[in-house]
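This report refers to the structure that appears directly beneath it.
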Amino acid sequence: MQPITQTWPADLAARYRALGYWRGETFADLLRTRAAAHPARIAITAGARSWSYGDLLIRSERLAAGLLARGLRPGDRVLVQMGNVPEFFQTSFALFLAGMIPVFTLPAHRRTELEHLAARSEAAAIVTEARIAGFDHAAQAHALAADLPALRHVIVAETGAALTGDASGLTHAEHAPSAPPSALPASRPASVAFLQISGGSTGLSKLIPRTHDDYIYTLRESARICGLDAQAVYLAVLPVAHNFTMSSPGCFGALYAGGRVVLAPTPAPEPCLRLIAQEGVTIAALVPPLALKWLDTAERLREAGRLPDLSCLRVVQVGGAKFLPASARRVTPVLGCTLQQVFGMAEGLVNYTRLDDAPDLITETQGRPISPDDEIRVVDDADRPVAPGTPGHLLTRGPYTIRAYHAEPAANARSFTADGFYRTGDIVQELPSGHLVVQGRATDHINRAGEKISAEEIENHLIAHPAVLDAVVVSVPDPHLGERSCAFVLPRPEAETPPDAPALRRFMRGRDIAAFKIPDEIRVVTTLDTTAVGKISRRDLRAALARDAALV
Ligand code: J2J
1 MQPITQTWPA DLAARYRALG YWRGETFADL LRTRAAAHPA RIAITAGARS WSYGDLLIRS
61 ERLAAGLLAR GLRPGDRVLV QMGNVPEFFQ TSFALFLAGM IPVFTLPAHR RTELEHLAAR
121 SEAAAIVTEA RIAGFDHAAQ AHALAADLPA LRHVIVAETG AALTGDASGL THAEHAPSAP
181 PSALPASRPA SVAFLQISGG STGLSKLIPR THDDYIYTLR ESARICGLDA QAVYLAVLPV
241 AHNFTMSSPG CFGALYAGGR VVLAPTPAPE PCLRLIAQEG VTIAALVPPL ALKWLDTAER
301 LREAGRLPDL SCLRVVQVGG AKFLPASARR VTPVLGCTLQ QVFGMAEGLV NYTRLDDAPD
361 LITETQGRPI SPDDEIRVVD DADRPVAPGT PGHLLTRGPY TIRAYHAEPA ANARSFTADG
421 FYRTGDIVQE LPSGHLVVQG RATDHINRAG EKISAEEIEN HLIAHPAVLD AVVVSVPDPH
481 LGERSCAFVL PRPEAETPPD APALRRFMRG RDIAAFKIPD EIRVVTTLDT TAVGKISRRD
541 LRAALARDAA LV
């Protein structure tokens, strides 16, 4: 098993410790100290179920003991595929307490993605729910394990127990610890706590190793910047395993602050607005398309005199994709709270507009970095700094931005400079205040309502079709999703029946990939334009699409 590490140069690591960014705290410490300080305080609410900090610790300890009793070992990697249920937190903390490394997959992931993530991480187990949104995840996990000998354990959470209000959860996998909980292995704060996955612009998702030290620093500072304290109530609307919902400040940030997490069973605006009033939610995080739906729904409900009382809501965060200023300006008048724009990435760097920033900065920028030690470089194509205020490629390094993906030498050579800056792939403009305005992206991915889709990954699926010679996938502006995906497909000249869009869509579905990756639009073409060097020009294709759009 290849060890998973994340290291910074010794001088920088010493600096980050000396400045108090890295405090030697682990996720196990985080939960234990809070459960000791306020055991009865509610940590997580999901429908009729509420778990206190004490409950969460005991359940996590039991599950940790159960995982060790099954033969899993500290350092083992465990895929976690769960929806917005309390068992997600029990599982995550159990793995932290047992010194195992969660690999956070999304509920939308299907066999193809899971197989890749399991292979890359050398996963020994998968923890999932029986069903999420009607899909049989248990069957998928068992089928995966049957084909991957290294994946020795399948653990299925009985979250259906929620229906009866009996919170038995992962009981079949839990054990009363045979040794006192203090006998659980201790993790080193500088070690890797978990693997996040990259949105990825080249091919399949890469694994992002995050350490206890670096991630807990972002939780502490995010909680402070977003004004969270013990009274904070964070509404988790987007999938909890996504880095935004997890840490900016997200669920973990709310738990760090000793607040409460409310898990929304659906992102639909009306039930969420009701939940805000019922549970006294103070902060919620959305992607731009969802924010627009919330705004429209809130306006409609207000006109009908049915808008729930949202006076408890202090902050609505919007991030994951560009939120246009015209939409941003609607948030405070419609929802009566402060907007916070969040521009972050699972690889590290997170920017926030500050709650007391001038209104123009809040509506027109994507915020400024968390840390005074986040180094920002805006450069041209040759890595030379651009003139101040000019848009350029964003490069960054700092106390919580990774230095390398796990087991990806070729991608690491591309994605990081020799002096350790991460090439974000984003084009930004830096204002004198340090705020960044995201102008676009240099790399080929589609940001579909905050879900990042690698063009190359989808092209590879399309050209696996026997009648397809070549394919190019590009993004198209979309009024609802921000961007949608469009595939140009060139059939093989010798193909007897060139495939049409419905056939290609069926073929893609048969590849067992996340549904959001299936192209929104498929165009079968007779030629693909190429640039002078023979590379297909995505820019030309996008321009052609924009021209088409202008005609309709
Ligand atoms: C424009 N593009 C944005 C924004 C992310 C907090 C918030 C979001 C993420 C996230 C995250 C954007 N405007 N406000 O991890 O902790 C695009 C950029 C970026 C990529 C990262 C967090 N906010 N983006 O979205 O790893 O292109 O993280 O590089 O999924 O999303 O995607 P991801």
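Heads up: the sequence shown begins at 1 in full-length UniProt numbering, then just goes up one per residue.
Even for Gly, the Cβ is constructed at its ideal location relative to N, Cα and C.
Predicted, not measured: the structure shown is a model, and the values here were computed from it.
| Cα-Cα separation between V156 and A449, rounded to whole angstroms | 29 Å
| query | How would you call T526, buried or exposed, if buried means at least 16 neighbouring beta carbons within 10 angstroms? | reply | exposed
| T245 at chain C interface by Cβ criterion, 8 Å | Structure shown: chain C not included; a single protein chain is present.
| said: According to DSSP, S50 sits in a beta bridge with which residue or residues? | reply: T45
| message | Among the candidates H465, P466 and R484, whose CA atom is the shortest distance from the CA of residue 578? | response | It is not possible to answer for residue 578, since the shown part of the chain is limited to 1 through 552.
| Beta-bridge pairing of M345 - partner residues as DSSP gives them | G348
| query | What residue ranges within the stretch 70 to 123 form continuous beta strand (DSSP E) runs of no fewer than 3 residues, ordered along the chain? | reply | 77 to 81 and 101 to 104
| request: Identify whether G165 lies in helix, strand or coil by the three-state DSSP scheme. | output: With a pLDDT of 33 at G165, under the threshold of 50, the predicted position of this residue should be treated as unreliable, though the coordinate-derived value follows. Residue state, collapsed to three classes: coil.
| said: Quick check: does the Cβ of D426 come within less than 7 Å of any heavy atom belonging to the ligand J2J? | reply: yes
| request: Find out if the Cβ-Cβ distance for the pair C337, V316 is shorter than 8 Å. | output: yes
| request: Would you tell me roughly how many angstroms separate the C-alpha atoms of I58 and P249, rounded to the nearest one? | output: 24 Å
| field | CB of S121 within 8 Å of CB of F93, strictly | value | no
| said: When you compare the CB positions of A108 and L151, do they come within less than 8 Å of one another, or not? | reply: no
| Close Cβ partners of Y256 (< 7 Å) along its chain, the five nearest in sequence each way excluded | L30, L219, R220 and A223
| field | Best match in R397, P479 and F194 for proximity to T417 [C-alpha to C-alpha] | value | R397
| task | In angstroms with no decimal places, state the Cα-to-Cα distance between V476 and F343. | result | 21 Å
| The beta strand (DSSP E) with S198 in it runs from where to where? | Segment: none, S198 is in no beta strand (DSSP E) and carries neither H nor E.
| request: Ignore the nearest five residues each way along the sequence and tell me which others in Q439's own chain have a CB closer than 7 Å to its CB. | output: P391, I427, V428 and Q429
| Per-residue DSSP class, three states only, for Q366 | coil
| query | What do you get for E459, buried or exposed, if any count of 16 or more other CB atoms within 10 angstroms of its CB means buried? | reply | buried
| query | Below 8 Å between beta carbons: does that hold for D213 and W22? | reply | yes
| message | For R34, count the other beta carbons within 10 Å of its own beta carbon; 16 or more makes it buried, fewer makes it exposed. Which is it? | response | buried
| request: From the DSSP output, in three-state form, read off A236 for me. | output: strand
| query | What residue from T266, F27, G203 and L295 has the CA that sits closest to Y217's CA? | reply | F27
| Can we say the stretch 35 to 55 touches the stretch 257 to 276, given the rule of at least three CB pairs closer than 8 Å? | yes
| Range of the contiguous beta strand (DSSP E) that encloses D512 | No beta strand (DSSP E) contains D512, which DSSP labels as neither H nor E.
| message | With DSSP as the reference, identify every bridge partner of E129, one or two as the case may be. | response | A157
| field | Unbroken alpha helix (DSSP H) run spanning T26, endpoints | value | It is not in any alpha helix (DSSP H) - T26 carries neither H nor E in the DSSP assignment.
| Where T218 sits in the DSSP three-state scheme | helix
| query | For L394, which three-state DSSP category applies? | reply | strand
| query | Using the rule of at least 16 other Cβ atoms within 10 Å of the residue's Cβ for burial, across every protein chain shown, is L324 buried or exposed? | reply | exposed
| request: Leaving aside the five residues before and after T497 along the sequence, list all residues of the same chain whose C-beta is less than 8 Å from its C-beta, in chain order. | output: A467
| said: At a threshold of 7 Å, does G199 count as lining the ligand J2J (C-beta to nearest heavy atom)? | reply: yes
| Excluding sequence positions up to five away, which residues of its chain have a Cβ less than 7 Å from the Cβ of H465? | P499, L504 and F507
| field | Whole-angstrom C-beta distance between I4 and H406, which should lie under 8 Å | value | 6 Å
| said: As a quick exercise: from A193, P359, P149 and A387, pick the residue whose alpha carbon is nearest that of Y400. | reply: A193
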